[in-house]
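The structure appears right after this line, and notes come after that.
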Amino acid sequence: MPDCDLIAQVALQKLEGLPKTGKPQPHEWTVMAAIVACDTSGGDPALRVLTVATGTKCLGASLRDPGGLALGDCHAEVLTRRALLRYLCAEANHDVATLKSLPATGRTGAKLLVLPKSDGSVSPAVVTDAHASHLGQETARCRRKPGRGESTLSMSCSDKIARWSLLGLQGSLWSALLAAPLALSSVTVLAPLGVDPALTKVALRRALVHRTDALRVKTQLPPPTVHVLAPDPEVLERLALAPLGGRRVSCGASLAWHDGVAAAGPPFHEGLTGGTGLRAGHARKPGPGHPPCGRV
Numbered sequence: 001m002p003d004c005d006l007i008a009q010v011a012l013q014k015l016e017g018l019p020k021t022g023k024p025q026p027h028e029w030t031v032m033a034a035i036v037a038c039d040t041s042g043g044d045p046a047l048r049v050l051t052v053a054t055g056t057k058c059l060g061a062s063l064r065d066p067g068g069l070a071l072g073d074c075h076a077e078v079l080t081r082r083a084l085l086r087y088l089c090a091e092a093n094h095d096v097a098t099l100k101s102l103p104a105t106g107r108t109g110a111k112l113l114v115l116p117k118s119d120g121s122v123s124p125a126v127v128t129d130a131h132a133s134h135l136g137q138e139t140a141r142c143r144r145k146p147g148r149g150e151s152t153l154s155m156s157c158s159d160k161i162a163r164w165s166l167l168g169l170q171g172s173l174w175s176a177l178l179a180a181p182l183a184l185s186s187v188t189v190l191a192p193l194g195v196d197p198a199l200t201k202v203a204l205r206r207a208l209v210h211r212t213d214a215l216r217v218k219t220q221l222p223p224p225t226v227h228v229l230a231p232d233p234e235v236l237e238r239l240a241l242a243p244l245g246g247r248r249v250s251c252g253a254s255l256a257w258h259d260g261v262a263a264a265g266p267p268f269h270e271g272l273t274g275g276t277g278l279r280a281g282h283a284r285k286p287g288p289g290h291p292p293c294g295r296v
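Residues in the sequence shown are numbered from 1 upward in steps of one, following full-length UniProt numbering.
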């Protein structure tokens, strides 16, 4: 298994090299997530960044589109998984036989966050301003993202990752097509600035692994290894992944990227607006000169 620092390094380098579509403005910051594949068939592990996404916004309950024309959740972990499913579609168009040969643990997941949230941050041992509002909450409970306005129907970051670690990343449709679930073999997280990574790791292992132990007996998927890295403030500020310097506003834009499939086309890159759930440049209520964005 490759070093978790190397997984983080290749994911951050990929983000830095992407076009500016969906990236923060000089006064904004965001959160990123990536899925990195690890190929160990040749001896030394070879890493390949499959997907990268950024985002911090999700829609209030009343703004969700029942027809699926808007994304209800534009958080980074959701968009990077969505990009993975799109990658699988491109791979299927290129070579259906390839899908049946994908191993159950052939992908290494790298989840890179600046501030762990929800159940992963409910820990009496972690006392900082960023976590003070969480003290006293009951752990091992599923919870929705509170938001600053209307409540949402989107589950917390750790709840979603815990579900994917238990059932796989592929979803119900791809479960019928793949030989085995796409399991996360590891989850790598950047600890919050000023917080002991060891304390963050304890909270994340409880939130992502331990509370699903009883259910894991049925799914038979091995739990992912949890890694927590100390953040580098210089890197975080350069990539706009923390409210440092003049970056004080969370970015309303998101990006989703996946690598290209051999001979099937170039990499895919799209920008989205988290406040509307639509692709960048599309209005909430399209008019004659502003066509619908299509199902997202």
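Glycine included, each C-beta is placed from N, C-alpha and C at the ideal position.
Keep in mind the model is a prediction, meaning the values are calculated, not measured.
Relative to the alpha-carbon of glutamate 237, which residue among Trp174, Gln25, Ala176 has its alpha-carbon at the smallest distance?
When only C-alpha atoms are compared, the closest one is Gln25.
Residue ranges of each alpha helix (DSSP H) run of no fewer than 4 residues wholly in the stretch 207-283, ordered along the chain?
213-219, 233-238
What do you get for arginine 211, buried or exposed, if any count of 16 or more other CB atoms within 10 angstroms of its CB means buried?
buried
If you draw a straight line from the alpha carbon of serine 250 to that of serine 165, how long is it in whole angstroms?
So the two alpha carbons sit approximately 28 Å from each other.
For alanine 280 and valine 261, what's the separation of their Cα atoms in angstroms?
24 Å
For valine 52 and histidine 75, what's the separation of their Cα atoms in angstroms?
Cα-Cα distance, rounded: 12 Å.
Could you give the C-beta distance for threonine 273 and alanine 256, rounded to a whole number, given that I count them as a contact under 8 Å?
Incorrect: roughly 12 Å between the Cβ atoms, too far for contact.
Is the beta carbon of alanine 207 sitting closer than 8 Å to the one on serine 158?
yes
For glycine 68, count the other beta carbons within 10 Å of its own beta carbon; 16 or more makes it buried, fewer makes it exposed. Which is it?
exposed
In three-state DSSP terms, what is aspartate 159?
helix
Specify, as a first and last residue, the run of the beta strand (DSSP E) that threonine 54 falls within.
46-54
For the stretch 185-201 against the stretch 217-230, do three or more pairs of beta-carbon atoms, one drawn from each stretch, fall closer than 8 Å, so that the two count as touching?
yes
Cut-off 6 Å between Cβ atoms - residues of its own chain near valine 296, not counting five sequence neighbours on either side:
Caution is warranted here: a pLDDT of 44 is assigned to valine 296, below 50, making its placement in the model unreliable, and no coordinate value can be reported.
Compute the Euclidean distance between the alpha carbons of aspartate 65 and lysine 160, then round it to the nearest angstrom.
20 Å
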